[in-house]
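This report refers to the structure that appears directly beneath it.
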Amino acid sequence: MTSPNSPQRPTGSAGPAGPSAAAVRTGLILAVCCLGQFMFVLDVASVNVAVPVIAEALGFDMAGLHWLYNSYAIALCGFMMLGGRLADLYGQRRVFLAGGVIFTVAALAGGLAQGPASMVAARGLQGLGAAILVPVTLTVLGTTFTGGPRRTRAFGLWSGVAGGGAAVGVLVGGMITEWFSWRGTMLGTAALGVVLLVLVARAVPEQRNTDAVRQLDLLGVLSLTGGIVALVFGINEIEDHGWASARVVTGLTAAAALLALFLYDQARIARQPLVPLTVFRNRSVSAANLVAVCAWGALGTMFYFISMLFQAVLGYSPLETGAAYLPLALGIFTAARGVAGAVLRLGARPVLMTGLTLAALGMAWLAQAGPGTAYASGLFGPLLLLGLGEGMVLTATTTAATAGLPGHLAGLGSGLLNTTRQLGGAVGLVTLVSIATGLTNEAAARGEEFPQALMAGFSPAFLFSAAFLTVGLLVALAVPGRESGRSVPVASGRPAPAREPAPPVPAEARPRV
143 MTSPNSPQRP TGSAGPAGPS AAAVRTGLIL AVCCLGQFMF VLDVASVNVA
193 VPVIAEALGF DMAGLHWLYN SYAIALCGFM MLGGRLADLY GQRRVFLAGG
243 VIFTVAALAG GLAQGPASMV AARGLQGLGA AILVPVTLTV LGTTFTGGPR
293 RTRAFGLWSG VAGGGAAVGV LVGGMITEWF SWRGTMLGTA ALGVVLLVLV
343 ARAVPEQRNT DAVRQLDLLG VLSLTGGIVA LVFGINEIED HGWASARVVT
393 GLTAAAALLA LFLYDQARIA RQPLVPLTVF RNRSVSAANL VAVCAWGALG
443 TMFYFISMLF QAVLGYSPLE TGAAYLPLAL GIFTAARGVA GAVLRLGARP
493 VLMTGLTLAA LGMAWLAQAG PGTAYASGLF GPLLLLGLGE GMVLTATTTA
543 ATAGLPGHLA GLGSGLLNTT RQLGGAVGLV TLVSIATGLT NEAAARGEEF
593 PQALMAGFSP AFLFSAAFLT VGLLVALAVP GRESGRSVPV ASGRPAPARE
643 PAPPVPAEAR PRV
């Protein structure tokens with residue numbers, strides 16, 4: 143029995159009985175954000191493994207198969223910046239639910255698709271859902287965990303899920319495709335989406351900047367989205383039609399014009415800019431996004447080339463390919479979680495540089511592989527190095543790209559980072575595939591057998607990837623050190639014009655005392 147004078151534990155505090163209600167709530171928010179990110183990367187990886195089976199089952203020709211990739215990539219890149227900004231203006235839970243609903247419904251539609259047209263449409267809609275869903279997961283984390291070790295650890299876990307989930311997705315996709323049906327890869331995503339929506343509705347509080355004018359810069363939205371869509375379209379057409387084709391020239395020209403209009407609108411016209419250009423005065427944000435472009439020019443292409451190496455050169459089955467990725471998944475998850483403390487103590491720059499170095503070494507090591515390479519001696523090591531490097535880069539860029547931004551611009555920071563990652567991956571993939579295809583064709587013309595001809599193109603592609611990472615390493619020198627991580631004020635709207643000073647009152651009109 144408790145006496146009247148016994149000390150009382152405050153309601154909701156941590157103690158022997160268990161964690162506080164606040165700690166449970168923030169832990170659940172962290173789990174929900176990581177689940178949203180995991181669902182996204184799991185879907186991408188598992189569907190990529192199943193693409194050959196999907197193409198055969200639904201009767202895709204080569205042009206249609208090209209659009210199976212492009213419809214998703216164009217929607218994802220084109221709307222991700224908008225998706226991040228919507229969360230700032232219209233509420234995090236509301237936008238989280240909207241993105242989750244679109245993504246889940248599109249996954250269900252893809253799993254039930256009966257032909258190429260319906261599948262391409264479903265993947266395009268799913269890319270739109272992902273463009274809203276992905277940045278809002280990081281936005282919610284950034285406003286829930288506002289500073290210190292908890293924020294860094296949360297970003298580390300999110301980064302580990304982002305990278306490791308992709309590798310796990312390859313294994314899961316291979317298992318489902320080989321043992322059941324390719325439809326299971328998308329229907330499973332839809333089921334996971336339903337779980338996510340329930341958890342978001344229960345756990346994520348509604349947060350938005352109540353002082354902001356809830357008005358989108360329509361010209362900025364249309365010019366930025368149209369510019370990115372035209373850019374990704376032009377880039378993706380290079381592989382099939384060449385740099386001088388009308389499709390590529392038209393796409394890249396339209397992208398340049400629309401993006402120039404966007405910059406002019408942000409600088410001169412918009413009263414509530416979609417992307418306030420003052421955000422780039424924050425050196426940490428600017429440098430981290432430049433590093434992301436370079437790093438994902440290599441890391442964003444990694445799964446394509448390594449999957450081709452496993453299946454086309456070494457003859458692995460989809461299931462064996464998924465199992466072979468496990469060291470990569472383990473390395474990403476371990477490093478992303480493990481370096482959170484180092485980022486907090488040392489700052490993002492040394493962790494970023496270490497990760498880029500390890501990833502570059504892993505790429506250079508993979509360039510030595512060939513048809514007779516044994517997994518234990520020639521592949522396990524570089525995959526582990528790549529995983530450790532990517533895990534470090536994921537956590538460090540996420541931390542640096544959101545450093546110093548006020549809470550009401552958290553969506554802007556996450557949308558910007560995810561957009562630069564996707565664009566870096568798109569540019570890198572086209573560049574490296576073009577190099578690899580040209581060299582492979584030359585080797586085949588010389589009479590080399592198919593696996594050797596492929597490696598004649600893949601080996602230089604891995605070396606170019608290492609070069610991209612090295613450029614990123616040099617750019618990372620501009621990321622501020624721990625002692626320089628001060629916030630930079632960022633205005634989210636254009637200030638009102640200053641009033642004209644009142645004219646002086648004539649002496650004879652002044653009141654007499």
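Here this note's numbering is used: the first residue of the sequence shown is 143, the next is one more, and so on.
The C-beta atom is built at its ideal place from N, Cα and C for all residues, glycine as well.
Since this is a predicted model, take the numbers as computed values, not measurements.
(1) Would you kindly check if the distance between the Cβ of Leu500 and the Cβ of Gly531 is under 8 Å?
(2) What do you get for Gly580, buried or exposed, if any count of 16 or more other CB atoms within 10 angstroms of its CB means buried?
(3) Go to Ser449, then tell me how far its alpha helix (DSSP H) extends in each direction, as first and last residue.
(4) On the criterion of 16 or more Cβ atoms from any shown chain inside 10 Å, does Tyr406 qualify as buried, or is it exposed?
(5) Determine the closest residue to Met597 out of Gly533, Leu554, Ala587 and Ala509, with distance taken between C-alpha atoms.
(6) Check whether the Cβ atoms of Phe610 and Ala578 sit closer than 8 Å, and answer yes or no.
(7) What are the boundary residues of the alpha helix (DSSP H) that Tyr467 is part of?
(8) Could you check how far apart the C-beta atoms of Pro291 and Gly225 are, in whole angstroms? I think they sit under 8 Å.
(9) Give the C-beta separation of Arg235 and Val342 to the nearest angstrom, bearing in mind that I take them to be a contact with Cβ-Cβ under 8 Å.
(10) Gly241 and Ile274: beta carbons closer than 8 Å?
(11) Here's the rule I'm using: 16 or more other beta-carbon atoms within 10 Å means buried, otherwise exposed. How should Thr519 be labelled?
(12) Would you call the stretch 526-545 and the stretch 481-491 touching, i.e. three or more CB-CB distances under 8 Å?
(13) By a C-beta neighbour count over all protein chains shown, 10 Å radius and 16 as the cutoff for buried, is Arg423 buried or exposed?
(14) Please return the same chain residues whose Cβ sits closer than 7 Å to the Cβ of Gly302, not counting the five positions on each side in sequence.
(15) Counting C-beta neighbours from all protein chains within 10 Å, is the total for Gln256 16 or more, i.e. buried, or is it exposed?
(16) So the alpha helix (DSSP H) Ile171 belongs to, where does it begin and stop?
(17) Tell me whether Leu267 sits in a helix, a strand or coil according to DSSP, three-state version.
(18) Which residue comes first and which comes last in the alpha helix (DSSP H) that contains Leu521?
(19) With H, G and I counted as helix, E and B as strand and the rest as coil, what does DSSP make of Ala511?
(20) Return the CA-CA distance between Leu373 and Ala397, expressed in angstroms with no decimal places.
(21) For Ala386, name the three-state secondary structure that DSSP assigns.
(22) What are the complete alpha helix (DSSP H) segments, minimum 4 residues, inside the stretch 297-363?
(23) Which value, in whole angstroms, describes the spacing of the CA atoms of Glu320 and Ala263?
(24) In angstroms with no decimal places, state the Cα-to-Cα distance between Phe592 and Met450.
(25) Since I believe Leu329 is in contact with Pro250 (beta carbons under 8 Å), could you give me their beta-carbon distance rounded to a whole number of angstroms?
(26) Using a Cβ-Cβ cut-off of 6 Å (strictly less than) and excluding sequence neighbours within five positions of Gly614, which residues of its own chain qualify?
(27) Is the beta carbon of Ala308 sitting closer than 8 Å to the one on Phe445?
(28) Buried or exposed: which applies to Ala633, given that a residue is buried once 16 or more other Cβ atoms fall within 10 Å of its Cβ?
(29) Does the distance from the CB of Leu361 to the CB of Ala412 come in under 8 Å?
To lay it out plainly:
(1) Taking 8 Å as the Cβ cut-off, Gly531 and Leu500 qualify as a contacting pair.
(2) Exposed: under 16 other Cβ atoms inside 10 Å.
(3) For Ser449, the uninterrupted alpha helix (DSSP H) run begins and ends at Met444 to Met450, by DSSP.
(4) Answer is exposed; the Cβ neighbour count stays below 16.
(5) If you compare the alpha carbons of Gly533, Leu554, Ala587 and Ala509 with that of Met597, the shortest gap goes to Ala509.
(6) Phe610 places its beta carbon 8 Å or farther from that of Ala578.
(7) Going by DSSP, Tyr467 is part of no alpha helix (DSSP H) at all; its letter is neither H nor E.
(8) Contact between Pro291 and Gly225 is ruled out by a C-beta separation of about 29 Å, above the 8 Å threshold.
(9) Confirmed, Cβ separation roughly 7 Å.
(10) Contact flag set, yes.
(11) Note on residue identity: the sequence assigns Ser, not Thr, to residue 519. Per the 10 Å Cβ criterion, exposed.
(12) Contact holds: three or more Cβ-Cβ distances are below 8 Å.
(13) Arg423 comes out exposed.
(14) Short of 7 Å from the beta carbon of Gly302, and not among the five residues preceding or following it, lie these beta carbons of its own chain, in chain order: Ile474, Phe475, Ala478, Arg479 and Gly533.
(15) Looking at its Cβ environment, which holds fewer than 16 other Cβ atoms inside 10 Å, Gln256 is exposed.
(16) Its alpha helix (DSSP H) spans residues Ala163 to Leu200.
(17) In this structure, Leu267 counts as helix in the three-state DSSP scheme.
(18) Note, Leu521: premise wrong, no alpha helix (DSSP H); not H, not E.
(19) DSSP places Ala511 outside both helix and strand once states are collapsed to three, so it counts as coil.
(20) Distance between the alpha carbons of Leu373 and Ala397 is about 5 Å.
(21) Per DSSP, reduced to three states, the secondary structure at Ala386 is coil, with no helix or strand assignment.
(22) Correct list: 325-345.
(23) Roughly 25 Å separates the two Cα atoms.
(24) Their Cα atoms are separated by approximately 12 Å.
(25) The sequence as given places Leu at residue 250; Pro does not occur at that position. Right, their Cβ atoms sit about 7 Å apart.
(26) For Gly614, where only same-chain residues beyond five positions count, the Cβ hits under 6 Å are Val433, Cys436, Ala437 and Leu498.
(27) For the 8 Å CB-CB criterion, Ala308 and Phe445 form a contact.
(28) Here the model assigns Ala633 a pLDDT of 49, short of 50, so the residue's position is not dependable, and the following value carries that caveat. Within 10 angstroms of the beta-carbon of Ala633 lie fewer than 16 other beta-carbons, which makes it exposed.
(29) Yes, these two residues count as a Cβ contact at 8 Å.
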